[in-house]
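In our numbering, the protein residues as written are 622 to 1072. Where is the CB? At the ideal position from N, CA and C, for every residue including glycine. One structure is given below, encoded as structure tokens.
Laid out in structure tokens, this is it:
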């Protein structure tokens, strides 16, 4: 069996792992590259193999950096099945069409205002292409073996992180490989912790937070401090948040803080209709998260859902304290970009990031202290307070990643550290070698290994 790393190397995006065995090709994850331009350009480039030679795809979860290339893969010629959990299928039903819609919307906006270097600006794929891709999804439950291709045996185990997120255990002719997917936290506010890993000959483990630990302080207290400071100076709190997972966590956190009277009873706006749809899914997947039915209902209690573009634009004119939760989480696109453009120049306001910010994203630039950011071809001054609350991340930190690996029933022959920035991936490699004495390496882009 061979594995080729088509993404998720040197970056936390673009996860794609090609598994070849007995003439069959299985792609594990099918993510978009995000962040730095040289990475994003890979989304437009040809794959190093014909797309129609890939026989099947298995998704570990629905986040765009793991699933968002699927419509593009189909347009390149892929015509096989796509296997995933029920939660992943439901979330892809929201995320992929939304991704296509946003790309069309951004292309229209760029063409209208003439700030694109391309004439005309084009979307990578359309909403229609995304909806077509959804027809390929085939649901499989956690904990039951299935055959994605002849000679391949697969099983999903819960990874925490978001609804439907899974680690994948794959067997081929007596050789087993474990793909961690994105691993959640042991004490996440919403999600249950990851299931213990099934022993495997080879392990691919993510390393988003491979070189750091989450702050041991109370992230709700940190959020409360930012909200209270901003409200006191009459400002608006803008929270870029992924529509899946972080938006729901933030709404629940705000609800808890209001109930405890730790923050003022400010108006709260969820400017992401998709995030509102995701929130309803929590009721159907009760076993994967910590909330009961009443808590799921409370999550959106008193929250104004913003559906129209007109209502979204109106939020930018507000001059009273309020909280706006809007996608995307790294400020790479979506409605939150318009809010940042309008509200970042005002020092009364605050921009609060809640999770990892990939290199090259606006979120990373702002967290790094930039005094201006480029939006829609213009340089926008950043005078608002910028806060980063990594304790609200949905990713396991270094110690949690090591603790998950330590639960393996026997040592793997080799561990490949993926899905991390170079420093994070190499730090986790060193930690694994020091603590477990296992053979471990960080693969390069397009590297091919035999297992």
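Spatial neighbours of residue 1031 in its own chain (CB-CB distance under 7 Å, excluding positions within 5 residues in sequence) are listed in chain order as 820.
The residue among 888, 915, 746 with its C-alpha nearest the C-alpha of residue 725 is 746. When the five nearest sequence neighbours on each side are left out, the beta carbons in the same chain lying within less than 6 Å of the beta carbon of residue 1071 are those of 623, in order along the chain. Counting only unbroken stretches of 4 or more residues, the alpha helix (DSSP H) elements lying wholly within the segment 920-978 are 930-936, 956-964, in sequence order. Boundaries of the beta strand (DSSP E) harbouring residue 861: 857-861, taken from the DSSP string.
Comparing alpha carbon positions, the residue from 997, 628, 1005, 1035 closest to residue 736 is 997. Sixteen is the threshold: when 16 or more other Cβ atoms of the shown chains lie within 10 Å of the Cβ of residue 676, as they do, the residue is buried.
Apart from sequence neighbours up to five positions away, the residues of its chain that approach residue 896 with a beta-carbon distance below 6 Å are 864, 868, ordered along the chain. Taking C-beta separations shorter than 7 Å and ignoring five residues to either side along the sequence, the partners of residue 874 in its chain run 810, 841, 844, following chain order. Sequence-distant Cβ neighbours of residue 969 in its own chain, meaning closer than 6 Å and more than five residues away, are 854, 855, 856.
Annotated as proximal: residue 720 and residue 751, with beta-carbon spacing under 8 Å.
Every alpha helix (DSSP H) of 4 residues or more that sits fully in the segment 680-756 is shown, in chain order, as 685-688, 691-696, 707-734, 748-755. Just so you know, the alpha carbons of residue 636 and residue 704 end up roughly 16 Å apart.
Exposure of residue 740 is indicated by the presence of fewer than 16 other C-beta atoms within 10 angstroms of its C-beta.
Looking at 794, 770, 802, the one whose alpha-carbon comes closest to that of residue 784 is 802. In the DSSP assignment, residue 1043 falls within the unbroken alpha helix (DSSP H) covering 1043-1057. The bridge partners DSSP lists for residue 645 are 642. Scanning 984, 642, 1026 for the CA closest to the CA of residue 1056 turns up 1026.
Non-local beta-carbon contacts of residue 908 in its own chain, meaning distances under 8 Å to residues more than five positions away in sequence, involve 813 in chain order. Under the 10 Å beta carbon count, residue 886 is surrounded by fewer than 16 other beta carbons and is classified as exposed. A Cβ-Cβ distance of about 5 Å is found for the pair residue 1014 and residue 976, placing them in contact under the 8 Å criterion.
Partner residues in a beta bridge of residue 829, as assigned by DSSP, do not exist. Here DSSP, grouped into helix, strand and coil, assigns residue 1000 to strand.
Note that the C-beta distance between residue 678 and residue 698 is not below 8 Å.
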